[in-house]
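Novice: Before we start, here is the structure in question, set down as structure tokens.
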Amino acid sequence: MVVDSDPTLAAAIGELLGARGFEVASTASPEEALRLAEAGPLAVAVVDLELPQPAGSDLARGLRERHPDAELLMLTRRLDPETAAEAVRRGAFDCLPRVPFDALRLLSVGRQAADKSGVARQARLAEARLGEATARLG
Numbered sequence: 007m008v009v010d011s012d013p014t015l016a017a018a019i020g021e022l023l024g025a026r027g028f029e030v031a032s033t034a035s036p037e038e039a040l041r042l043a044e045a046g047p048l049a050v051a052v053v054d055l056e057l058p059q060p061a062g063s064d065l066a067r068g069l070r071e072r073h074p075d076a077e078l079l080m081l082t083r084r085l086d087p088e089t090a091a092e093a094v095r096r097g098a099f100d101c102l103p104r105v106p107f108d109a110l111r112l113l114s115v116g117r118q119a120a121d122k123s124g125v126a127r128q129a130r131l132a133e134a135r136l137g138e139a140t141a142r143l144g
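The numbers in the numbering used here rise by one with no breaks, and the one at position 35 of the sequence shown is 41.
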């Protein structure tokens, strides 16, 4: 999922990721993003930190609540150490600058985030199956 206050940038990032094999929904609306999150699985979300209400960090929290295994990539206009550290403290996998936009870095970090999300999902499912098996035995 890509959520950016600039619909053109959201669509462009969605097309870039889609061309590389990601299944992507793009929107400029935080409310639409939450509706899309309700509709199906989510591995990675690229979220603009400067979104209008709900703010990007609030949207990220809402996405994380709905999809605990999803990884969040935050985009920001001003990438400085404080902004990046705050994004990571709030649960972001990484924080990337909107300008200059680096497509190769986004693809690389996006793939790493998707891999981590998949491993977390598999571990959670395995843990649930182990719990069920233990309950049946005990």
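Where is the CB? At the ideal position from N, CA and C, for every residue including glycine.
List the DSSP bridge partners of residue 54.
Specialist: Partner(s): 81.
Novice: Do we get a CB-CB distance below 7 Å when we pair residue 78 with the residues of chain B?
Specialist: The structure shown contains no chain B; it is built from a single protein chain.
Novice: Between the beta-carbon of residue 51 and the beta-carbon of residue 76, is there less than 7 Å?
Specialist: Against a cut-off of 7 Å, the Cβ pair of residue 76 and residue 51 comes out as a contact.
Novice: Per DSSP, residue 103 forms a beta bridge with which residues?
Specialist: The partner list for residue 103 (beta bridge, DSSP) reads 82.
Novice: Per the contact definition of three or more C-beta pairs closer than 8 Å, is the segment 87-100 in contact with the segment 64-71?
Specialist: Verdict: yes, contact present.
Novice: Would you tell me roughly how many angstroms separate the C-alpha atoms of residue 142 and residue 107, rounded to the nearest one?
Specialist: C-alpha separation (whole angstroms): 52 Å.
Novice: Rounded to whole angstroms, what is the Cα-Cα separation between residue 81 and residue 104?
Specialist: Approximately 6 Å between the Cα atoms of the pair.
Novice: Could you tell me the distance, in whole angstroms, from the CA atom of residue 109 to the CA atom of residue 8?
Specialist: For residue 109 and residue 8, the distance between alpha carbons rounds to 14 Å.
Novice: Short of 7 Å in beta carbon distance, which residues of its chain neighbour residue 13, apart from the five on each side in sequence? Order them along the chain.
Specialist: Same-chain partners within the cutoff: 34.
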